[in-house]
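Q: Have a look at the structure that comes next, please.
Residue numbers (full-length UniProt numbering): 1 to 762.
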């Protein structure tokens, strides 16, 4: 990043000054990182003061459009329901058109540089992309005589009395889950419980303080440079330098494209196009593909289209003084009508015959109930901070949630009555203890940067973590003193993993930061190729076999061509999970598999022409039972028999037993999870002896040695005895297995081969 404020920026050869750069980081901000630790300790001085905050939002802006995304609601597959978003999407509680953040590009790094757009039809202010649109970089503070107002990425205005923010104090908003602090020199800092900090510039003559930079405790930073109040450049501590270009429209200046100058392949990352009214009409990606198109009437979005031509249209009417979406159609044939009753707090959406969705909501537009076309009923109860405390699901199921004063979930009771309790570290989003009601308990300790340094599993086994100067994991010490080491590239992407045995895996990436090649411990390579959109187009494994993939317009996997010529297609449900998988053989035959999944995406049932398999899971989502029921054709052609296999685990999730009609297999393990004793169905015991961090030394059956292993200083197997034979192994300079020879026991010369065998690895 340009921290010292170099006087000029040069593009390409020569010394022509293209853009004058003023110092990006004033002297008073060079100490901010150290001050941020002071900020974290300010809460005690104003405990409870946030309750006096006067949060003032517009009629359409009081609710966060994505508040429950990524929260507890996701596991119930009802995020859109509780948010009141329908289809592509429309906010049924207000009738406004919403587009949740769409990412235009991400530059990988320890703190990735991401550019995304958010749209809400009610937004009147014009940003870099025009009316209704907000870039994720367009956040700022505004002050007047009474309030400090935070304007976030969704354009929502949250105002707090200035007397609550005297220098050296901060407030916490439990509904928004952030702190707003004012340092002793008057600088404002906003930070979330995940230790991400947003530092604002001084207020200008219009009372606006724009975002100056965002930062992590490890000083990973994205800085925003301005000239005359206009955002003109972005620089990151990962070495990215971006230049923002403008264009003039009849409605004023707009952002035309964002150029990458440094930190990757130079060139345009994204281009924005506008109509004569200055409204955003197109988004062009780095490959030159128009990935989004938009149309408007009277300043309201009436259509958007993606790169494959999938189109959504919207029709508007004025209802109770505001424009609302009354009809929404898609190029796939969907057609929805919206019927609003704002006085009664209800919206009805109708689709095809007999399709009807209903929502009920309160005065602040929070959804209180929802009925699906199939009659399924959901009900939501909220606390004073508008977080759900009770969710009633179809089938008389109920989930309850309890929160602490910082709006973090501390207790969850699922529909089966199972309870999960969570403890947190101080005022941060750091889980220190999670306990299930069956006495499974996980614990974690953190360093001052909010990173896990120690984890204890339900069996009391401890894993320790160490980090490099950039805050990336460097060492992982497993139970039993096995230590793994990791290295990272300049973009913060994993580049190598070395075990105590000396074995190494490595990863290489494209300039866009996508995985290009993986080399495993045996030097076998897997390679990936991508479409211009960044989707995996093909995969080549270490044996030279190649897989090819196809996708739908939303980038979801719909087809796979395998090396053996088989073609698999995937029909997806609304959640994006496969439900029908036809497999076409090389001679034209087709085999169909139908899958049934739960709300978490777990496979519950698989039906084929020859059998049905059902699956059950435990609290840790591990498979506990698989039942095979053959069809008549399966019995006749393949002699399949009904069977049920059950799996048992210990408190840490290690497999301890398998039970079937043919008997049971039981496992005993050491602290590293290595199986030390396996009881076979006939009662025999297969035992394994290890040394160090899990290197196999001996295998015995009922106390009789079957094999013994000798290893070199790198823990590579060099001799294995089995009965009267000894197998010798040799390696080349790249640690690849280059030859093996089996000799009679007692022989000392591996050149006298009895069963010569030579193996090379591609």
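Glycine is no exception: its CB is placed at the ideal position from the N, C-alpha and C atoms.
So, residue 116 versus residue 101, is the Cβ gap smaller than 8 Å?
A: The answer is yes: Cβ separation under 8 Å.
Q: Give me the Cα-Cα distance between residue 666 and residue 518, rounded to the nearest whole angstrom.
A: One C-alpha to the other measures close to 35 Å.
Q: Run the CB neighbour count on residue 605, radius 10 Å, all protein chains shown included, and call it buried at 16 or more, exposed below.
A: Result: exposed.
Q: So what does DSSP say about residue 514, is it helix, strand or coil?
A: If DSSP states are grouped into helix, strand and coil, residue 514 belongs with coil.
Q: Taking the C-alpha atoms as reference points, what is the distance between residue 462 and residue 202?
A: The straight-line gap from Cα to Cα measures roughly 47 Å.
Q: Along the chain, where does the beta strand (DSSP E) containing residue 628 start, and where does it finish?
A: Residues 623 to 630.
Q: Check each candidate in 625, 302, 234 and name the one with the smallest Cα separation from residue 280.
A: Measuring from the Cα of residue 280, the nearest candidate turns out to be 302.
Q: Could you have a look at residue 372 and say whether DSSP puts it in helix, strand or coil?
A: In this structure, residue 372 counts as coil in the three-state DSSP scheme.
Q: Please state if the CB of residue 269 and the CB of residue 105 are separated by a distance shorter than 8 Å.
A: Yes, these two residues count as a Cβ contact at 8 Å.
Q: Could you tell me the alpha carbon to alpha carbon distance between residue 114 and residue 283, rounded to whole angstroms?
A: Answer to the nearest angstrom: the Cα atoms are 15 Å apart.
Q: When the distance is taken between beta carbons, is residue 677 closer than 8 Å to residue 664?
A: It is not a contact, given that the beta carbons lie outside the stated cut-off.
Q: Do residue 266 and residue 513 come within 8 Å of each other at the CB atom, strictly closer than that value?
A: The answer is no: Cβ separation not under 8 Å.
Q: On a Cα-Cα basis, can you pick out the residue from 645, 622, 636 that is closest to residue 628?
A: The option with the nearest alpha carbon to residue 628 is 645.
Q: Quick one: Cα of residue 245 to Cα of residue 228, how far?
A: Roughly 15 Å between the two C-alpha positions.
Q: Taking Cβ to Cβ, would you say residue 428 is nearer than 8 Å to residue 407?
A: No, the pair does not count as a contact, with Cβ atoms beyond the cut-off.
Q: At 3 residues or longer, and completely inside the stretch 409 to 461: list those beta strand (DSSP E) runs for me, N to C.
A: Counting whole runs of 3 or more residues, the stretch 409 to 461 contains the beta strand (DSSP E) stretches 409 to 413, 419 to 424, 431 to 436, 441 to 446, 452 to 456.
Q: Could you compute how far the alpha carbon of residue 683 sits from the alpha carbon of residue 702?
A: When rounded, the distance between both Cα atoms is 9 Å.
Q: DSSP state of residue 162, grouped into three classes?
A: Three-state DSSP puts residue 162 in a helix.
Q: Please list, in chain order, all residues of the same chain as residue 167 whose beta carbon is under 8 Å from its beta carbon, the five residues on each side excluded.
A: Within the same chain, residue 167 has close Cβ partners 182, 183, 184, 185, 186.
Q: Who are the Cβ neighbours of residue 129 in its own chain at under 8 Å, not counting the five residues just before and after it?
A: Same-chain partners within the cutoff: 117, 135, 254, 255, 272, 280.
Q: According to DSSP, what are the bridge partners of residue 200?
A: BP columns for residue 200 point to 211.
Q: To test your reading of the DSSP string, which unbroken beta strand (DSSP E) runs of 3 or more residues are found completely within the stretch 553 to 578?
A: If we require 3 residues or more, the beta strand (DSSP E) runs fully inside the stretch 553 to 578 come out as 557 to 561, 567 to 569.
Q: Hey, out of 347, 580, 489, whose CA is closest to residue 360's CA?
A: Minimum Cα distance to residue 360 is reached at 347.
Q: For residue 176, which residues from the same chain have a beta carbon less than 7 Å from its beta carbon, with the 5 sequence-adjacent residues on both sides left out?
A: If we look at residue 176 and ignore the five residues flanking it on each side, its Cβ neighbours are 158.
Q: Who are residue 381's beta bridge partners in DSSP?
A: Residue 381 pairs with 390.
Q: Just mark residue 248 as buried or exposed, buried being the case when its beta carbon has 16 or more other beta carbons within 10 Å.
A: Exposed.
Q: Is it true that the stretch 440 to 449 meets the stretch 631 to 647, where meeting means three or more beta-carbon pairs spaced less than 8 Å apart?
A: Taking 8 Å as the limit for Cβ pairs, the verdict is that the stretch 631 to 647 does not touch the stretch 440 to 449.
Q: Return the CA-CA distance between residue 672 and residue 480, expressed in angstroms with no decimal places.
A: Roughly 6 Å separates the two Cα atoms.
Q: How big is the Cα-Cα spacing for residue 148 and residue 521?
A: Rounded to whole angstroms, residue 148 to residue 521 spans 57 Å at the Cα level.
Q: Quick one: measure Cβ to Cβ for residue 707 and residue 722, integer angstroms, because I've assumed they're closer than 8 Å.
A: Yes, residue 707 and residue 722 are in contact; Cβ-Cβ is about 5 Å, under 8 Å.
Q: Using the three-state DSSP reduction, which class does residue 128 fall into: helix, strand or coil?
A: Residue 128: coil per DSSP, three-state reduction.
Q: Between residue 54 and the rest of its own chain, which residues show a CB-CB distance below 8 Å, the 5 nearest in sequence each way excluded?
A: Reliability fails at residue 54, whose pLDDT of 40 lies under 50, so the model's placement of it is uncertain and no value is given.
Q: Using a Cβ-Cβ cutoff of less than 7 Å, which residues in the same chain neighbour residue 654 once the five nearest sequence positions on both sides are dropped?
A: If we look at residue 654 and ignore the five residues flanking it on each side, its Cβ neighbours are 669, 673.
Q: Quick one: grab the DSSP three-state call for residue 767.
A: Coverage of the chain is limited to positions 1 through 762, which leaves residue 767 absent and any answer about it impossible.
Q: Between 233, 505, 127, 217, which has its C-alpha nearest residue 224's C-alpha?
A: When only C-alpha atoms are compared, the closest one is 233.
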